[in-house]
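Sequence order for the protein chains is G and D. So in this note's numbering, spot 153 of the first sequence is number 217, and the numbers just go up one at a time. So in this note's numbering, spot 126 of the second sequence is number 190, and the numbers just go up one at a time. All residues carry an ideal CB built from backbone N, CA and C; glycine is no exception. Here the structure is a predicted model, which means the values were calculated and not measured.
Protein chains: 2
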Amino acid sequence: MESKNTADQAFVREMNLSSVLRLIFNEAPLSRAQLATKTGLNKSTISSLVEDLLDRQLIHETGINSAGTGRPATLIEINPKAGCIVGVELGVDFVAAVVTDFMGSILWRKQVGADPAAAQEKTLDQTLALVQEALVACRDVNLPILGLGLATPGTVDLNDGVLIFAPNLHWHNIPLRKIFSEPTGLKVFVENDANAAAVAEHLFGTARRLKDFIFVFAGIGLGGGLFLNGQLYRGKNGYAGEIGHSPFAMADSLLTPCHCGNRGCWETYANQYSIIQRVHARLEVKRSSVIPALMAEQNAPLSISLIKLAADSGDQEAIDSFAEAGAAMGRGFAGLVNIFNPEKVIMGGPLSVAGDYLLPSLKQTVSKHSLPEIVQEVEVGLSAFGRDASLIGAAAIVVDDVLANPTLVERR
Amino acid sequence: MESKNTADQAFVREMNLSSVLRLIFNEAPLSRAQLATKTGLNKSTISSLVEDLLDRQLIHETGINSAGTGRPATLIEINPKAGCIVGVELGVDFVAAVVTDFMGSILWRKQVGADPAAAQEKTLDQTLALVQEALVACRDVNLPILGLGLATPGTVDLNDGVLIFAPNLHWHNIPLRKIFSEPTGLKVFVENDANAAAVAEHLFGTARRLKDFIFVFAGIGLGGGLFLNGQLYRGKNGYAGEIGHSPFAMADSLLTPCHCGNRGCWETYANQYSIIQRVHARLEVKRSSVIPALMAEQNAPLSISLIKLAADSGDQEAIDSFAEAGAAMGRGFAGLVNIFNPEKVIMGGPLSVAGDYLLPSLKQTVSKHSLPEIVQEVEVGLSAFGRDASLIGAAAIVVDDVLANPTLVERR
DNA sequence: TAATTAGTTGGTTGCCACAACATACTAACC
DNA sequence: GGTTAGTATGTTGTGGCAACCAACTAATTA
Chain G
65 MESKNTADQA FVREMNLSSV LRLIFNEAPL SRAQLATKTG LNKSTISSLV
115 EDLLDRQLIH ETGINSAGTG RPATLIEINP KAGCIVGVEL GVDFVAAVVT
165 DFMGSILWRK QVGADPAAAQ EKTLDQTLAL VQEALVACRD VNLPILGLGL
215 ATPGTVDLND GVLIFAPNLH WHNIPLRKIF SEPTGLKVFV ENDANAAAVA
265 EHLFGTARRL KDFIFVFAGI GLGGGLFLNG QLYRGKNGYA GEIGHSPFAM
315 ADSLLTPCHC GNRGCWETYA NQYSIIQRVH ARLEVKRSSV IPALMAEQNA
365 PLSISLIKLA ADSGDQEAID SFAEAGAAMG RGFAGLVNIF NPEKVIMGGP
415 LSVAGDYLLP SLKQTVSKHS LPEIVQEVEV GLSAFGRDAS LIGAAAIVVD
465 DVLANPTLVE RR
Chain D
65 MESKNTADQA FVREMNLSSV LRLIFNEAPL SRAQLATKTG LNKSTISSLV
115 EDLLDRQLIH ETGINSAGTG RPATLIEINP KAGCIVGVEL GVDFVAAVVT
165 DFMGSILWRK QVGADPAAAQ EKTLDQTLAL VQEALVACRD VNLPILGLGL
215 ATPGTVDLND GVLIFAPNLH WHNIPLRKIF SEPTGLKVFV ENDANAAAVA
265 EHLFGTARRL KDFIFVFAGI GLGGGLFLNG QLYRGKNGYA GEIGHSPFAM
315 ADSLLTPCHC GNRGCWETYA NQYSIIQRVH ARLEVKRSSV IPALMAEQNA
365 PLSISLIKLA ADSGDQEAID SFAEAGAAMG RGFAGLVNIF NPEKVIMGGP
415 LSVAGDYLLP SLKQTVSKHS LPEIVQEVEV GLSAFGRDAS LIGAAAIVVD
465 DVLANPTLVE RR
């Protein structure tokens with residue numbers, strides 16, 4: 065587990081290549097001269113680094129800026145066709161895959177249902193079949209495949225690409241990297257779903273260039289992707305981010321029990337079941353809602369999307385239930401804001417479909433319950449990718465790996 | 065605010081020097097050959113780096129290990145006399161200073177009371193006088209002075225060494241670096257007290273070599289020093305670590321109001337006032353305690369140290385009050401454990417004088433309320449330095465700076 | 001044509017890796 | 001006790017490589 069803390073010339077080259085590539089990724093278009101100014105590196109060094117990145121087809125010259133006096137600058141941007149990436153999300157009741165280009169644009173996508181009660185092998189076979197389809201799509205776009213990213217609930221051993229434990233799937237110690245790299249020959253990355261989503265927001269979404277932010281994955285539970293000091297924070301064993309189980313009250317009696325065995329966990333007040341419970345409770349008392357009619361019409365039980373539908377049609381019970389949930393969520397957000405003093409807190413995951421209804425009361429509660437010096441600096445917003453945050457994130461992890469180690473892509 | 069992300073050969077040298085120095089700091093005694101194995105650097109490179117560090121007198125050869133076959137190894141250790149450091153803690157009602165050697169041993173120490181109501185200038189003058197005394201002590205030990213570290217409550221602009229805001233002192237925008245470097249000519253570091261304490265534990269205390277741990281500074285409030293991914297985490301504006309204001313309950317009524325304006329903040333159940341309140345409440349009901357007698361005897365109001373005294377003499381009311389407070393503290397610790405999955409959580413600050421009474425119920429509550437996968441890996445313990453953690457931390461920050469940049473110390 | 005800005009070329013410096021070497025001991029055997 | 005083999009430590013000299021620097025060419029505007 066001892067990480068290399070030493071440097072040599074290859075390290076210098078890799079670091080400077082990465083630095084230039086990230087700068088172009090974030091601020092393109094840029095000329096060589098601008099790169100030299102912004103990095104502080106020598107012009108000749110920049111020329112050499114740029115030539116290297118051009119050879120690897122990670123960047124390309126896109127035009128000439130002849131504004132102002134002097135020799136016009138050659139503008140450089142990221143080459144979206146640097147390669148394509150397969151991103152896979154293992155959900156509790158579905159499996160999804162995408163093929164994206166190097167800038168995260170979706171070139172292909174497919175999703176299939178999965179039975180949470182089915183055997184591991186079956187779900188893994190389904191997933192592998194989906195990956196094979198994705199590889200066909202990659203061949204069609206005729207780009208080199210940079211890697212396969214896999215987002216999964218639970219904790220992950222990053223070095224070995226092993227899923228250690230996923231409570232919702234009841235899976236233990238699955239060597240996902242091995243399972244997916246052997247039949248495909250691809251470089252495989254395995255990452256926790258909330259962490260993957262955070263990387264997606266960092267590279268392609270609403271947290272670009274931010275150094276410190278938190279992604280809250282709201283669904284059955286509340287999970288957090290912690291992006292701190294410019295990198296993911298995973299904790300000792302990869303469990304970091306279990307924000308949903310912060311205790312919310314001092315007395316054990318009369319509090320909502322949580323599936324973790326405790327009572328009063330934050331997530332019991334702010335997960336999707338809690339919202340459904342709220343609506344149920346309201347309907348007991350008041351019957352002026354369109355919800356029962358909707359349930360009958362769709363012949364479906366109460367769900368977030370159904371409540372959302374009701375809210376869209378102006379149903380006050382639905383709207384108020386979301387607002388209450390938003391406030392409960394905001395309490396926890398406020399705690400996070402106080403602990404982390406982040407630049408931004410992003411809400412994503414299944415519940416974010418109702419984001420427009422949750423956000424106002426959520427923001428208001430955060431303002432009220434965070435320390436004033438901190439809250440005035442923090443932004444609270446919705447994920448740029450909605451339910452797809454982890455899926456895009458799976459691909460984003462591969463992109464981030466290339467940005468960190470450009471020499472992994474061969475010169476051509 | 066753009067940090068240099070580029071490298072050159074000087075950077076490589078600095079990084080490798082630092083890496084070798086840190087390794088010796090953590091695992092001395094070591095031979096050159098062992099250093100080569102552990103770092104992965106070439107033997108000749110290690111020889112060159114070691115010679116460099118010897119020239120700077122940061123390390124010295126301390127003996128020969130002729131166990132086993134082959135040529136005996138020359139053992140190398142940190143030179144405690146590499147220099148001395150002045151550490152200063154600006155408390156709410158006191159100012160303290162130490163002079164330490166390079167290994168954090170205290171060579172001199174002095175503390176004076178400060179009036180929280182007094183003008184800033186007066187307190188700063190007091191502090192400066194204390195520093196001048198410390199400098200005399202430095203001259204006596206005849207070691208080069210490596211720097212001056214200053215620990216202060218509140219938020220800090222690290223780059224400029226400015227105290228931005230200290231709520232308990234009611235101070236705003238004090239350019240501490242300027243104030244202390246101009247009359248002394250020293251390199252001055254300013255850091256938040258909880259963060260400084262965390263660095264002390266990391267270098268000299270019970271968190272040596274740990275990558276992820278949390279220092280909880282328990283006193284009037286509850287502050288946190290977050291040491292994550294091998295470095296301090298400060299957040300966007302340096303406010304990170306305000307763990308005491310995590311909301312603890314969903315309903316506003318009937319909850320303890322906090323000085324931050326909210327109700328139900330964790331720290332209102334676990335700070336030193338809460339303990340005093342607990343004891344007061346118990347004494348109302350039951351009079352079999354020695355505490356009233358102690359208060360009369362010392363002609364002093366109820367305080368933590370007085371309650372500790374009572375507990376030491378076996379007073380059940382005092383002991384039970386501490387146990388209750390420990391449990392309340394444990395609830396919050398459990399939340400931190402779930403969020404951070406740290407290797408260790410350390411309790412320090414004024415309240416840690418009663419640590420032996422708080423810890424059993426605290427640990428028990430943490431076990432009960434953290435997720436089982438996480439809690440089985442976490443250690444919970446007391447600070448190695450008690451009330452002095454931030455003071456030692458002030459010096460530790462200077463040591464850490466030298467460990468990170470050995471070339472700052474000149475070759476001789 | 002002069003000024004200005006962009007980018008390249010040739011040479012220098014300084015770092016680490018590598019391999020060969022020198023050093024200093026232990027082990028074992030006569 | 002003396003000799004030789006074996007082993008691990010640490011040093012020396014060479015080469016590769018990356019960034020730096022200064023001087024250059026290139027392309028444009030005024």
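I want to see whether chain G comes within less than 7 angstroms of residue i, judged by CB atoms only; does it?
| i | result |
| --- | --- |
| Phe404 of chain D | yes |
| Tyr297 of chain D | yes |
| Thr70 of chain D | yes |
| Glu441 of chain D | yes |
| His309 of chain D | yes |
| Met393 of chain D | no |
| Asn80 of chain D | yes |
| Thr103 of chain D | yes |
| Leu435 of chain D | yes |
Taking only beta-carbon positions, decide if residue i is within less than 7 angstroms of chain D.
| i | result |
| --- | --- |
| Lys300 of chain G | yes |
| Val195 of chain G | no |
| Asp316 of chain G | Note on Asp316 of chain G: pLDDT 44, under 50, position unreliable in the model; the coordinate value appears next. With 7 angstroms as the cut-off, Asp316 of chain G does not count as an interface residue toward chain D. |
| Ala304 of chain G | yes |
| Ile438 of chain G | yes |
| Thr429 of chain G | no |
| Asp221 of chain G | no |
| Asn293 of chain G | yes |
| Val76 of chain G | yes |
Determine the direct distance from the alpha carbon of residue j to that of residue i, and round the result to whole angstroms.
| i | j | result |
| --- | --- | --- |
| Leu214 of chain G | Leu240 of chain G | 8 angstroms |
| Leu188 of chain D | Val114 of chain D | 41 angstroms |
| Asn301 of chain G | Val401 of chain D | 12 angstroms |
| Gly308 of chain D | Val473 of chain D | 39 angstroms |
| Leu417 of chain G | Gly155 of chain G | The residue asked about is misnamed: residue 417 of chain G is Val in this sequence, not Leu. So the alpha carbons of these two residues sit roughly 17 angstroms apart. |
| Ala448 of chain G | Ala264 of chain G | 9 angstroms |
| Glu153 of chain G | Thr471 of chain G | 27 angstroms |
| Glu437 of chain D | Tyr303 of chain G | 8 angstroms |
| Val159 of chain G | Thr70 of chain G | 41 angstroms |
| Ser425 of chain G | Gly151 of chain G | 34 angstroms |
| Val388 of chain G | Ile340 of chain G | Correcting the residue type first, residue 388 of chain G is Glu in the shown sequence and not Val. Going by the C-alpha atoms only, they are around 12 angstroms apart. |
| Val463 of chain G | Leu99 of chain G | 21 angstroms |
| Ala345 of chain G | Ser353 of chain G | 12 angstroms |
| Cys202 of chain D | Leu117 of chain D | 23 angstroms |
| Pro356 of chain G | Ala459 of chain G | 40 angstroms |
| Ile162 of chain G | Ile170 of chain G | Note that residue 162 of chain G is Val in the sequence shown here, rather than Ile. In a straight line, the C-alpha of Val162 of chain G is about 7 angstroms away from that of Ile170 of chain G. |
| Ser434 of chain G | Gly399 of chain G | 7 angstroms |
| Ser130 of chain D | Leu94 of chain D | 13 angstroms |
| Gly249 of chain G | Ser454 of chain G | 23 angstroms |
| Ala315 of chain G | Ala334 of chain D | Note that Ala315 of chain G has pLDDT 46, beneath the 50 cutoff, so the model's placement of it is unreliable and the number below is only indicative. So the two alpha carbons sit approximately 14 angstroms from each other. |
Which partner residues does residue i have in the DSSP bridge list?
| i | result |
| --- | --- |
| Tyr333 of chain D | Paired residues: none, contrary to the question. |
| Tyr479 of chain D | Only positions 65 to 476 of chain D appear in the structure, and residue 479 of chain D is not among them; the question remains open. |
| His236 of chain G | G:Phe229 |
| Arg173 of chain G | G:Val162 |
| Ile284 of chain D | For Ile284 of chain D, which the question treats as bridged, DSSP gives no partner whatsoever. |
| Leu212 of chain D | D:Val150 and D:Val252 |
| Leu94 of chain G | G:Ile140 |
| Gly412 of chain G | G:Phe281 |
Q) What are the start and end residues of each continuous beta strand (DSSP E) run of 3 or more residues lying completely inside the region 96-145 of chain D, in chain order? A) 123-129 and 137-142, all fully within the region 96-145 of chain D.
Q. Three or more beta-carbon pairs under 8 angstroms between the region 268-280 of chain D and the region 224-234 of chain D, yes or no?
A. No, the region 268-280 of chain D is not in contact with the region 224-234 of chain D.
Q) Looking at C-beta atoms only, is the number of pairs between the region 248-264 of chain D and the region 355-368 of chain D that lie closer than 8 angstroms three or more? A) Output reads no: the region 355-368 of chain D does not touch the region 248-264 of chain D.
Q.
Would you call the region 76-95 of chain D in contact with the region 162-182 of chain G, where contact means no fewer than 3 C-beta pairs closer than 8 angstroms?
A. no
Q: Please determine if the region 277-296 of chain G and the region 244-253 of chain G are in contact, where contact requires at least 3 C-beta pairs separated by less than 8 angstroms.
A: no
Q: Could you tell me which uninterrupted alpha helix (DSSP H) segments, each at least 4 residues in length, are contained entirely in the region 386-437 of chain D, listed from first to last along the chain?
A: Qualifying alpha helix (DSSP H) stretches, in chain order: 419-433.
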